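**Student:**
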Amino acid sequence: MLAVAVITFIFCTAQVIIDFVAIFLTPDATYGCGNPDATIQELDSQSNIRNLLNSVQQFLFTTNQVVVDGLLIYRAFVILQHHRWVVIFPALMALCTTALGFVNFWALYKIYLLVDQFQQSSSPFPPDALLHIGELDVSSTSAFSALALATTFVVTSLIAGRIWWITRELTQSLGNRATRKYRKILAMIIESGCIFSLSLLAYLIAVYRAPNWDAMLFNVASQIAGIAPALIIVRVGLGHATEQTTLNPSNVMGAMVPGRSSLLFAKPPTIFQSHTADSEGYARSRGANDEMMREEYHGPVDSAASQ
38 MLAVAVITFI
48 FCTAQVIIDF
58 VAIFLTPDAT
68 YGCGNPDATI
78 QELDSQSNIR
88 NLLNSVQQFL
98 FTTNQVVVDG
108 LLIYRAFVIL
118 QHHRWVVIFP
128 ALMALCTTAL
138 GFVNFWALYK
148 IYLLVDQFQQ
158 SSSPFPPDAL
168 LHIGELDVSS
178 TSAFSALALA
188 TTFVVTSLIA
198 GRIWWITREL
208 TQSLGNRATR
218 KYRKILAMII
228 ESGCIFSLSL
238 LAYLIAVYRA
248 PNWDAMLFNV
258 ASQIAGIAPA
268 LIIVRVGLGH
278 ATEQTTLNPS
288 NVMGAMVPGR
298 SSLLFAKPPT
308 IFQSHTADSE
318 GYARSRGAND
328 EMMREEYHGP
338 VDSAASQ
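At position 269 of the sequence shown the residue is numbered 306 (the working numbering), and the sequence of numbers has no breaks.
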């Protein structure tokens, strides 16, 4: 878990650095920073530099998404136990997401190459391939984001559903106090999955409804992809996810719900009952011994009476 958090942190940091580099290298092409004195050639050149840096960011984001999806699928594989075959479907979804992400990376890089060739040529018309690659860029980035959203939702639902089922069974046998930590883990998994899913959903909406905002929301989603694993580590470190307890009689009895056992044990005899039983046994044995002694010295009582 810590290794995954470190890897995602490195990828997220690299994307932030690339974004700052893009701002310094393309000040005129940056949204809201247009220079009225800039020429068309300068704007085109800076825009093409943006295409190159966007392709690098897409490569980093796709690789980071592979790590995050792999972590989620591994969690589902471990927790599902006897139903691990269910993980096959989200694993295929993750593979398709990865493929679409790298297709989008290739499309962005191809746009950079075509625009660079067009700027160096004397033709007044852009190549026809540029239009087709541009359409591929839009469709691949939309499909990549939608499938990443679906994969995160499906795997998070599988993990949360399994934990809820285990918690439900334990609650019926041990009560709510024994399943408190499982409910906190369930909330933690849902929180981390929902945050990333909402960021991808906002980016998808911006691609079609507000294209001027899609770049900003893309950067937000790429950073949240690294925040989700770190959020779990922070919550565990703060003690909000699990509670460390020791095995002692008070904890065991506190976890058990009173009134669930039907075993009944006999009460131990009191001192008075014990002495009474001993006295009765002693009296019976003493009476039998006296009778035997009388028969030994005087003979049986019935025979003496007959004589």
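The beta carbon of each residue, even a glycine, is placed where N, CA and C say it ideally should be.
Quantities reported herein were computed from a predicted structural model and do not represent experimental measurements.
#1: Entirely within the region 224-280 and at least 4 residues each: give me those alpha helix (DSSP H) ranges in chain order.
#2: Considering only the alpha carbon of each residue, which of Ile125, Ser179, Gln94, Gly212 lies closest to Arg246?
#3: Below 7 Å CB to CB, which residues in the same chain sit around Phe309 once its five sequence neighbours on both sides are set aside?
#4: Here's a check: name, in chain order, each residue in its chain whose Cβ is nearer than 8 Å to the Cβ of Ser82, leaving out the five neighbours to either side.
#5: Using DSSP with H/G/I as helix, E/B as strand and the rest coil, what is Asn91?
#6: Buried or exposed for Ile196, going by 16 or more other Cβ atoms inside 10 Å?
#7: Within its chain, find whatever has a CB closer than 7 Å to the CB of Ile86; leave out the 5 residues flanking it on each side and keep chain order.
#8: Compute the Euclidean distance between the alpha carbons of Lys218 and Val105, then round it to the nearest angstrom.
#9: Taking the C-alpha atoms as reference points, what is the distance between His120 and Phe114?
#10: Apart from the five residues just before and just after Val58, which ones in its own chain have a Cβ nearer than 8 Å to its Cβ?
#11: Are the CB atoms of Ile116 and Ile200 nearer to each other than 8 Å?
#12: Terminal residues of the continuous alpha helix (DSSP H) containing Arg199?
#13: Please confirm whether Leu97 and Phe46 have their CB atoms less than 8 Å apart.
#14: When we look at the beta-carbon of Val271 and count the other beta-carbons within 10 Å, is it buried (16 or more) or exposed?
#15: Taking Leu241 and Ser182 to be in contact with their CB atoms under 8 Å, please state how far apart those CB atoms are, rounded to whole angstroms.
#16: Three-state secondary structure (DSSP) at Ser159?
**Tutor:** So, from the listed chains and residues:
#1: 251-274
#2: Here residue 246 refers to the residue found at position 209 of the sequence shown. Of Ile125, Ser179, Gln94, Gly212, the residue nearest in Cα terms is Ser179.
#3: Working through the sequence shown from its first residue, we reach residue 309 at position 272. The predicted model places Phe309 with a pLDDT of 45, which falls under 50 and marks its position as unreliable; any figure quoted below should be read in that light. So no residue of the chain qualifies.
#4: By one-based count along the sequence shown, residue 82 stands at place 45. The residues are Gln156.
#5: The sequence position of residue 91 within the sequence shown is 54, counting from 1. DSSP places Asn91 in helix when its eight states are reduced to three.
#6: Numbered from 1 along the sequence shown, position 159 holds the residue referred to as residue 196. Ile196 is buried by the Cβ-count criterion.
#7: Along the sequence shown, one-based indexing puts residue 86 at 49. Cβ within range, chain order: Leu62, Thr63.
#8: Stepping through the sequence shown from its first residue, residue 218 is reached at position 181. Stepping through the sequence shown from its first residue, residue 105 is reached at position 68. For Lys218 and Val105, the distance between alpha carbons rounds to 24 Å.
#9: Locating residue 120 in the sequence shown gives position 83, counting from the first residue. Locating residue 114 in the sequence shown gives position 77, counting from the first residue. Each residue's Cα considered, the two are about 8 Å apart.
#10: Numbered from 1 along the sequence shown, position 21 holds the residue referred to as residue 58. So the list reads Leu90, once near-sequence residues are dropped.
#11: On the sequence shown, residue 116 is found 79 positions in, with the first residue counted as 1. On the sequence shown, residue 200 is found 163 positions in, with the first residue counted as 1. Yes. Within cutoff.
#12: Numbered from its first residue, the sequence shown carries residue 199 at position 162. From DSSP, the alpha helix (DSSP H) with Arg199 extends over 165-211.
#13: Within the sequence shown, numbered from 1, the residue matching residue 97 stands at position 60. Within the sequence shown, numbered from 1, the residue matching residue 46 stands at position 9. Contact flag unset, no.
#14: On the sequence shown, residue 271 is found 234 positions in, with the first residue counted as 1. By the neighbour-count rule (16 or more Cβ atoms within 10 Å), Val271 is not buried but exposed.
#15: As a working mapping, residue 241 is identified with position 204 in the sequence shown. As a working mapping, residue 182 is identified with position 145 in the sequence shown. About 5 Å; that satisfies the 8 Å criterion.
#16: As a working note, residue 159 is residue 122 in the sequence shown. Ser159: coil per DSSP, three-state reduction.
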